[in-house]
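*Asks:* Same order as they appear, the protein sequences are chains H and R.
The end of the first sequence is residue 320 by the UniProt record's numbering, with every number in the run present.
The end of the second sequence is residue 320 by the UniProt record's numbering, with every number in the run present.
Number of protein chains: 2
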Amino acid sequence: MDNKSNSELARLEDAARAAWLYYVAKNTQDEIAQKLEVSRQSAQRLVALAVSEGLIKVRLDHPISRCMELAEQLKQRFNLLECEIVPSDPADQSSTHGLAQTSAAVLERYLKSDTPKTLAFGTGRALKACIDELPSMQCPQHKIVSLLGNMMSDGSASAFDIVVSMANRVQAKHYPMPLPVIAHSVAEKQLLHGITPVKSILALAQQADATFVGIGQMGNNSPLMVDGFIDLAKANELVSDNAAGEIISWVYDKQGQLINNSINELVMSAPLQLNASKPVYGIAAGQSKVNAIYAALKGGLINSLITNEYTAEQILQKIK
Amino acid sequence: MDNKSNSELARLEDAARAAWLYYVAKNTQDEIAQKLEVSRQSAQRLVALAVSEGLIKVRLDHPISRCMELAEQLKQRFNLLECEIVPSDPADQSSTHGLAQTSAAVLERYLKSDTPKTLAFGTGRALKACIDELPSMQCPQHKIVSLLGNMMSDGSASAFDIVVSMANRVQAKHYPMPLPVIAHSVAEKQLLHGITPVKSILALAQQADATFVGIGQMGNNSPLMVDGFIDLAKANELVSDNAAGEIISWVYDKQGQLINNSINELVMSAPLQLNASKPVYGIAAGQSKVNAIYAALKGGLINSLITNEYTAEQILQKIK
DNA sequence: TCACAGTTAGAGCAAAAGCTTAATTAAAGG
DNA sequence: CCTTTAATTAAGCTTTTGCTCTAACTGTGA
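1. For Glu82/R and chain H, any beta-carbon pair shorter than 7 Å?
2. Do the CB positions of Ala295/H and Ile302/H come within less than 7 Å of each other?
3. With 7 Å as the limit, tell me which residues of the stretch 56-77 of chain H have their beta carbon closer than that to any beta carbon of chain R; keep them in chain order.
4. Gly122/R: buried (16+ other C-beta within 10 angstroms of its C-beta) or exposed?
5. Excluding the 5 residues preceding and the 5 following Ile263/H in the sequence, name in chain order all residues of the same chain whose CB lies nearer than 6 Å to its CB.
6. At which residues does the alpha helix (DSSP H) containing Glu188/H begin and terminate?
7. Return the chain-ordered list of same chain residues with a C-beta closer than 6 Å to the C-beta of Gln141/R, the five sequence neighbours on each side being excluded.
8. So what does DSSP say about residue 325/H, is it helix, strand or coil?
9. What does Arg17/H reach in chain R if we use C-beta pairs closer than 8 Å?
10. Determine the direct distance from the alpha carbon of Lys289/H to that of Ile315/H, and round the result to whole angstroms.
11. Report yes or no: is there a C-beta of chain R within less than 7 Å of the C-beta of Trp20/H?
12. From the DSSP output, in three-state form, read off Thr123/R for me.
13. Below 7 Å between beta carbons: does that hold for residue 343/R and Ser103/R?
14. Tell me the DSSP secondary structure of Lys173/H in three-state form.
15. Does DSSP put Val226/H in a helix, in a strand, or in coil?
16. Assuming Tyr281/H is part of the alpha helix (DSSP H), what are its boundary residues?
17. Identify each residue in the stretch 20-47 of chain R for which the Cβ-Cβ distance to at least one residue of chain H is less than 8 Å, and report them in chain order.
18. Report the three-state DSSP secondary structure of Leu148/H (helix, strand or coil).
19. Once DSSP output is grouped into helix, strand and coil, what is the label at Asn291/R?
20. So Ile56/H and Val164/R are in contact, right, with Cβ under 8 Å, and what is the actual spacing, rounded?
21. Just tell me which of Arg45/H, Asp14/H, Asp253/H has its CA closest to the CA of Leu238/H.
22. Could you tell me if Asp14/R is buried or exposed, where buried requires 16 or more neighbouring beta carbons within 10 angstroms of its beta carbon?
23. With distances taken between CB atoms, is the gap from Ala292/R to Leu99/R smaller than 7 Å?
24. In terms of DSSP beta bridges, what is Ser200/R paired with?
25. Who are the Cβ neighbours of Glu246/R in its own chain at under 6 Å, not counting the five residues just before and after it?
26. In terms of residues, what are the limits of the beta strand (DSSP E) holding Leu238/H?
27. Give me the chain H residues within the contact set of Glu13/R, using Cβ-Cβ distance strictly less than 9 Å, ordered along the chain.
28. What residues match up with Arg109/H in a beta bridge as DSSP calls it?
29. DSSP state of Ala244/R, grouped into three classes?
30. Can you check whether the CB of Lys320/R is closer than 7 Å to the CB of residue 380/R?
31. Starting from the C-beta of Asn242/H, find all residues in its chain whose C-beta is less than 8 Å away, skip the five residues before and the five after it, and write them out in chain order.
32. Would you mind reading off the limits of the beta strand (DSSP E) that contains Tyr252/R?
33. Along chain R, which residues have their Cβ under 8 Å away from the Cβ of Gly54/H?
34. Pull up the CB-CB distance for Ala208/R and Lys278/R, whole angstroms please, since I reckon it's below 8 Å.
35. Who pairs with Leu305/H in a beta bridge, going by DSSP?
In structure tokens, the structure reads:
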């Protein structure tokens, strides 16, 4: 296995000494050079050798470290632009504690910008919690646009009107979409999409500098159904269609491919299309969301993710 | 226990992030500053904070690391000038493998000096092995002086004549002590110590720039007896006197205090007195030497130590 | 013995890190 | 609401580090 010569081993020994003096005893390379009686450059080379040989290992004793590792892995694996992992509560790994705060912090970064930004939003509890964490701000330079309708099929407003409440909080120009989430017919959908203000909203959404969406799971606890956008029959239909999840009401399968079914046919939401350089954040966490998030990542429906440690681990386990 | 405020925890979180980016992801502080959206000096402070809070831990995956740790502990505990710990062979922890090479390396450091040095030597197998590892050198500027007699009680030369063989190897001026190790009477001792050349040797020994001595254990494998300087009766007498060890034939107890007995009364060796800035190296390793080394350290009979990992661990365990 | 290939050490330089001071900004408290 | 205090930032400097280029050295084979 290790076929190192004697001199190589002696060199590694010196490297270990140098690395020890450098990292543990906090000597400078000059001091190491003196103590080991070599030139400063040699000391530097020894330290570098120790590092490259994997002799020294740095460990971060803080919950955050695991998170950043997970974020890095997810970024790599799914070619993400951004990824934020919130530490999970070890007592309740599925809780979304902290997710809102972190998402809000990300969001705030955009809002603090002086250059005008267009930010597009989906709906959902996660996003609602996120904007509730936002501080009051004055940012009239930005535009906040909705990606989907905010009306129930009976004409009432959606319980999670992200865009309006957010715009109130940050004093930004906003563009809600006064449409039903799901049209009653293809004809109605085409008609409504043909209205000029709707067209401009959809155009604005497409060129958003950043997009924030929730990710909905399927099954009997699907937000789509829980929030009354579809009925139980439709929900069951989706399950039998092998739907894995939903983003701004676009339903997709295990591979993250949009499904050809009645819902996707009638959905009024802006099309899900990714611009390579503009982040589309999926915000979601919890055991029930794992499959939906995983599929969305696989299909490239989102290119940035905010989730928690536990969920990130579950997603990464699916790959192996 | 930890009464950190919320903002302090958030700060530590940032510190952890910064440290992660710095140490794990190998970002520069500038990059970290950008990513965390703070100034470079804040990023610097965060990294420093993480370090000072003990968030980041560096581990050295090499046998040497343990050695340097042990050396550091021994230095601290016994206020040593120097301490070298040689890795132990895990298969044979008591073997003195490597001890000679390391000691020789230390010795060589003095010999390589251009400024004339006076080096004083005891006797023993460890020292003999050490000088056998020395390369041939030309260093006529140095003086090599013996700390104790090299004659057996029958007048024959000691088996371990360190000074002469060493001087041969490095071409240095040398001062052997042509005296018995132990005098037959106090009168003989005083007589011999009164001879002018002996006086000058003893004076030279006292001002040595570095001293190297072996450490002998007591009991039935005591070098003092094995090498024929004392007989079994004397050896047993020493044990009943609670002798713990012997350095250049000065016998001391568990506390490293010289014992008032017939041997110390008759010993011809140079007095054991430490100069605060001149190192006196004890060179010894192995299970049988642990007590003797420990006592010598406690009593301050030596102020520098060369031993191996196993022995160092045993010594440190005695403290706890 | 000498020349040659391959490696290794040393000089110098540019980048990064660490530190200090002054000025600005945010936060806490009256 | 204002004042005081603490923290943050920017600027500039020194030290430390990383890297590259050249010289020297080692060992090999003719």
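In this text, a Cβ means the ideal position worked out from N, Cα and C, and glycines have one as well.
*Replies:* Working from what's here:
1. no
2. no
3. Listed by position, the residues of the stretch 56-77 of chain H near chain R (Cβ gap below 7 Å) are Ile56, Lys57, Val58, Arg59, Leu60, Asp61, His62, Ile64, Ser65, Met68.
4. The residue in question, Gly122/R, is buried, as its Cβ has 16 or more Cβ neighbours within 10 Å.
5. Val251
6. 186-194
7. Pro116, listed in sequence order.
8. The structure shown has nothing for residue 325/H, since chain H only spans 1 to 320.
9. Ile64, Met68
10. So the alpha carbons of these two residues sit roughly 10 Å apart.
11. yes
12. coil
13. This structure leaves residue 343/R out entirely; chain R is present only between 1 and 320.
14. strand
15. helix
16. Segment 280-283 is the beta strand (DSSP E) holding Tyr281/H; no alpha helix (DSSP H) there.
17. Trp20, Leu21, Tyr23, Val24, Ala25, Glu37
18. coil
19. Asn291/R: helix per DSSP, three-state reduction.
20. Wrong, their Cβ atoms sit about 45 Å apart, outside the cutoff.
21. Closest option to Leu238/H, Cα to Cα, is Asp253/H.
22. buried
23. no
24. Per DSSP, Ser200/R has no beta-bridge partner at all.
25. Gly216, Leu224
26. That residue, Leu238/H, is in no beta strand (DSSP E); its alpha helix (DSSP H) goes 232-240.
27. His62, Pro63, Ile64, Pro87
28. None; Arg109/H has no bridge partner.
29. strand
30. What is shown of chain R runs 1 to 320, which leaves residue 380/R out entirely.
31. Once the five neighbours on either side are set aside, the close Cβ partners of Asn242/H are Asp253, Lys254, Ile259.
32. Unbroken beta strand (DSSP E) run through Tyr252/R: 250-253.
33. Asp61
34. Yes, they are in contact, since the Cβ atoms of Ala208/R and Lys278/R sit about 7 Å apart, within 8 Å.
35. Cys83/H, Gly282/H
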